[in-house]
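Chains A and B are the protein sequences, given in the same order. Throughout the first sequence, residue numbering follows numbering that gives the first Met the number 0, covering 0 to 287 in sequence. Throughout the second sequence, residue numbering follows numbering that gives the first Met the number 0, covering 0 to 411 in sequence. Everything on this sheet refers to the single structure shown next.
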Amino acid sequence: MAIYVILALDVLNGISSLFLLCLGLAIIFGMMKIINLAHGEFIMLGAYATVISANAGVNIWIAMLVVAPVFVGIVGLVIERCLIRFLYGRLVDSMLATWGLSLLIIGIITTIYGNTQQGVPTPLGGFSIGSYQSSYYTLFLALMAAVMMAIVYGVMRFTRFGLVARATMQNPAMAATLGVNPARVYMSTFALGAAVTGLAGGLLAPVSGITPGMGGAYVAKAFMTVVGGGAAILSGTMSAASLFGSVNQVAAYFTTPVYGEVIVFTTAIVLIRLLPQGISGRFFKGNL
Amino acid sequence: MTLSRRRFLQRSAIATSTLIAAPAVFRSGALAAENPITVGSLHDQSGPIGTSGTPMVYALQLAVDEINAGGGLLGRPLKVIHYDTQSNIQMYSQYAQQLAVKDKVDVVHGGITSASREAIRPTFDRFKVLYFYNTLYEGGVCDRNTFCTGTTPAQTVEKLVPSAIKKSGKKAYIIAADYNYGQITAKWMTKYMKDNGGEILSTDFFPLDVTNFGSTISKIQAAKPDLILSALVGGNHTAFYRQWTAAGMKGKIPIASTTFGLVNEPSTLDAAESDAVIGAYGYFEELTTPASKSFVEKIKKAHPDTPYISELAACTYEGVMLWAEGVKKAGSIDRMKVIEALESGLVFDGPSGKVSLDKPTHHTVRNAFLAEVKDRKWSVLETYTDAKPADTASVCDLVKNPNDVKQYIINL
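Written out as structure tokens, the structure reads:
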């Protein structure tokens with residue numbers, strides 16, 4: 000019995016970490032149609048910001064929840080001003096430019112901090128269910144995923160900024176006619192997406208192996224989830240993250256980790272074949 | 000002057016051949032003036048394997064500097080020609096050609112991953128350049144032109160498994176990286192577990208980009224092993240040790256590893272995550288013998304920012320020194336004469352202790368050490384003297400088959 004509770008926690012962990020990893024990408028890709036191949040490096044920057052500041056004596060919670068998103072948000076802002084703003088509407092060019100950007104970021108971090116492991120200890124301990132152990136951190140990640148979902152929903156649905164942002168994404172020319180400055184909206188949306196990604200990096204820092212090249216392990220799954228989710232940022236990402244996260248964990252538990260990966264990617268291929276517009280293109284049309 | 004077509008062709012032919020010959024003439028003139036013995040070095044100083052390669056380059060340079068300080072070899076100084084292979088197999092192939100054909104070096108030390116070794120070994124066979132591979136690996140290389148000075152599983156896993164069984168129990172769960180090193184090492188772990196009366200509950204392999212180990216940790220708990228044997232590799236896999244600790248499993252089931260701590264895991268992971276992991280290698284920086292202390296001190300003095308000085312660096316140093324002994328004994332730099340001298344049972348006392356070359360396998364008989372992580376450092380528990388490369392010896396006999404040039408897969 001206890002093993003099923005633990006397995007359910009694993010599934011919850013898989014879903015919430017995947018959701019956190021993808022949310023920033025969904026904002027940038029889903030809303031702005033910029034393929035940000037440097038997404039993995041934004042995660043890495045968030046993790047580094049957390050580790051470096053925590054090891055310098057900053058409280059671990061502040062390092063994760065404040066330093067990481069603020070730092071990566073500022074980096075995102077600078078990148079948008081210097082690079083991305085020239086690339087709106089140029090899908091292929093934006094891929095090439097952000098890929099170059101990802102190599103640049105890896106290079107800079109390697110030069111500064113070296114090509115070695117970094118780490119912070121995991122806050123919160125473990126707890127036991129029957130004879131099994133799990134960690135409170137798993138629950139904390141799930142909580143954070145729920146909080147982030149609520150915040151993004153609230154901002155996009157109920158604030159003036161959210162309304163303007165959604166209008167601009169839908170029809171920039173019309174929004175501009177009505178007095179909105181699209182350039183400014185894009186800028187702040189990109190910075191927001193980067194900050195959310197940085198937060199994910201910070202939250203995963205205590206349970207990941209942190210190296211300059213760590214982003215590579217996340218970027219493929221993040222894209223797969225966002226594309227599988229379709230146009231709706233929240234409902235799409237959440238449903239795709241739930242599907243892939245649980246398939247991965249359950250498959251890895253009942254078969255081997257190798258097949259776990261294979262089954263996830265197979266699921267993604269079948270999903271895109273059946274629902275070319277993603278899950279939300281079919282089931283949550285018009286939702287956020 | 001009128002130029003006939005024939006005369007024009009003649010003259011341009013002469014001019015061309017002079018131009019082509021000129022560098023060779025100048026070059027041999029320059030060599031005659033200084034005439035150093037050249038040592039080629041192919042190590043990764045950048046890219047994912049850069050952290051492993053950097054101390055190896057430092058160790059090689061230290062060995063060469065020491066030999067030069069003692070007057071060089073055969074009255075000639077040594078000169079290192081080093082290329083950073085950037086963790087890129089293509090670079091290995093390219094620079095190996097360059098060392099063999101353009102630089103015409105007298106010996107090459109280098110190669111870190113097994114893939115890189117197999118990319119360059121045939122080049123050195125073809126161009127008859129003596130080659131030293133100084134990294135621990137899965138064993139089985141059988142090639143008269145190649146000397147492998149690092150440890151093989153028979154030298155380390157054989158010690159690690161029984162002591163782990165003694166410490167914890169007979170039921171083990173193997174987790175390993177999903178490529179040739181992990182697969183082969185898992186086989187060795189299984190063999191030594193069975194030889195020691197143990198039992199393998201399950202063996203799981205992980206692609207190198209797996210980052211979430213939640214379901215594995217649950218699976219391990221459900222299997223209830225006494226012991227975990229790990230051959231996980233790379234930055235992403237370090238997440239296992241973190242998530243294991245986060246789940247509160249640390250200290251409940253002990254971990255023994257053939258890969259943990261080879262780079263710098265003990266110093267970068269938190270003490271809570273790395274304490275009590277046990278490992279076995281051919282050398283640890285923390286060894287307190289005078290030779291080891293002075294070796295570490297010299298490297299750290301020259302390069303204060305050096306990453307952990309592991310078996311990789313110690314074997315590189317010893318590899319260069321063994322080669323130098325061979326040259327001294329042969330009294331020549333001729334490749335065959337040096338190989339014959341190296342096969343005569345040469346011994347060198349290095350930072351890891353006494354190292355001797357084994358004639359039939361071209362591997363080394365060397366000390367192996369068992370250690371446990373304590374407070375972010377290795378604490379050496381036991382020393383096994385004269386560990387033999389029994390795995391390679393079971394398939395390779397260069398005395399009987401001197402023309403072998405392959406890597407045998409050792410069937411268990």
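In this text, a Cβ means the ideal position worked out from N, Cα and C, and glycines have one as well.
Where residue i meets chain A, residues with beta-carbon distance less than 9 Å
i                      : result
residue 359 of chain B : The premise fails here: residue 359 of chain B is roughly 37 Å from chain A at the closest Cβ pair, so nothing lies under 9 Å.
residue 224 of chain B : Within chain A, no residue comes near residue 224 of chain B; the closest Cβ sits about 13 Å away, beyond 9 Å.
residue 237 of chain B : 116, 118, 207, 208, 209, 210
DSSP state of residue i mapped onto helix, strand, coil
i                      : result
residue 433 of chain B : The requested residue 433 of chain B is not part of the displayed model; chain B covers only 0 to 411.
residue 117 of chain B : helix
residue 24 of chain B  : Residue placement at residue 24 of chain B cannot be trusted, given a pLDDT of 49 that sits under 50; what the coordinates show is reported in the next sentence. It is helical.
residue 141 of chain B : strand
residue 134 of chain A : strand
residue 48 of chain B  : coil
residue 276 of chain A : coil
residue 134 of chain B : coil
residue 191 of chain B : helix
residue 250 of chain B : coil
residue 275 of chain B : coil
residue 227 of chain B : strand
residue 96 of chain B  : helix
residue 395 of chain B : coil
residue 63 of chain B  : helix
residue 72 of chain B  : strand
residue 383 of chain B : strand
Under 7 Å from the C-beta of residue i: neighbouring residues of chain A
i                      : result
residue 412 of chain B : The requested residue 412 of chain B is not part of the displayed model; chain B covers only 0 to 411.
residue 93 of chain B  : The contacting residues do not exist; residue 93 of chain B stays about 21 Å from chain A at best.
residue 264 of chain B : 116
Residue span of the alpha helix (DSSP H) that contains residue i, given as start and end
i                      : result
residue 177 of chain B : Per DSSP, residue 177 of chain B belongs to no alpha helix (DSSP H) and is neither H nor E.
residue 338 of chain B : 334 to 341
residue 38 of chain A  : 38 to 54
residue 36 of chain B  : Premise fails: residue 36 of chain B lies in the beta strand (DSSP E), 36 to 42, not in any alpha helix (DSSP H).
residue 201 of chain A : 181 to 203
Proximity winner among the options, relative to residue i (alpha-carbon distances)
i                      : options                    : result
residue 200 of chain B : B:175, B:224, B:65         : B:224
residue 161 of chain A : A:141, A:177, A:187        : A:187
residue 122 of chain B : B:336, B:11, B:97, B:112   : B:97
residue 355 of chain B : B:229, B:305, B:146        : B:146
residue 270 of chain B : B:315, B:319, B:377, B:369 : B:377
residue 76 of chain A  : A:105, A:182, A:58         : A:182
residue 195 of chain B : B:211, B:170, B:176        : B:170
residue 149 of chain B : B:398, B:357, B:409        : B:357
residue 368 of chain B : B:282, B:133, B:220        : B:282
residue 42 of chain A  : A:53, A:29, A:104          : A:104
Residue i versus residue j: straight-line alpha-carbon distance, rounded
i                      : j                      : result
residue 170 of chain A : residue 179 of chain A : 11 Å
residue 56 of chain A  : residue 374 of chain B : 20 Å
residue 214 of chain B : residue 137 of chain A : 12 Å
residue 153 of chain B : residue 280 of chain B : 11 Å
residue 14 of chain A  : residue 299 of chain B : 46 Å
residue 27 of chain B  : residue 34 of chain B  : Low confidence applies here, because residue 27 of chain B scores a pLDDT of 47, under 50, leaving its location unreliable and the question unanswered by this model.
residue 190 of chain A : residue 37 of chain A  : 14 Å
residue 226 of chain A : residue 167 of chain A : 21 Å
residue 9 of chain A   : residue 144 of chain A : 15 Å
residue 116 of chain B : residue 163 of chain B : 31 Å
residue 328 of chain B : residue 48 of chain A  : 56 Å
residue 204 of chain B : residue 155 of chain A : 43 Å
residue 29 of chain B  : residue 107 of chain B : The pLDDT assigned to residue 29 of chain B is 45, lower than 50, so where the model puts this residue is not dependable; a value taken from the coordinates is nonetheless given after this. The straight-line gap from Cα to Cα measures roughly 22 Å.
residue 397 of chain B : residue 96 of chain A  : 54 Å
residue 276 of chain B : residue 185 of chain A : 49 Å
Partner residues on chain B for residue i, Cβ-Cβ distance less than 7 Å
i                      : result
residue 255 of chain A : 203, 204
residue 248 of chain A : 213, 214
residue 6 of chain A   : 217
Chain A contact residues for residue i, given Cβ-Cβ distances below 8 Å
i                      : result
residue 241 of chain B : 118, 121, 205, 206, 207, 208
residue 415 of chain B : Absent from the structure is residue 415 of chain B, since the part of chain B shown begins at 0 and ends at 411.
Unbroken beta strand (DSSP E) run spanning residue i, endpoints
i                      : result
residue 125 of chain A : 125 to 128
residue 365 of chain B : 363 to 373
residue 82 of chain B  : 77 to 83
residue 405 of chain B : 404 to 406
residue 391 of chain B : Taken as a continuous stretch (DSSP letters only), residue 391 of chain B belongs to no beta strand (DSSP E), being part of the alpha helix (DSSP H) at 389 to 392.
residue 356 of chain B : 352 to 356
residue 349 of chain B : 346 to 349
residue 284 of chain B : No beta strand (DSSP E) holds residue 284 of chain B; DSSP gives it neither H nor E.
Neighbouring residues, chain B, relative to residue i (Cβ below 8 Å)
i                      : result
residue 215 of chain A : 208
residue 125 of chain A : 245, 246, 247, 248
residue 12 of chain A  : 211, 213
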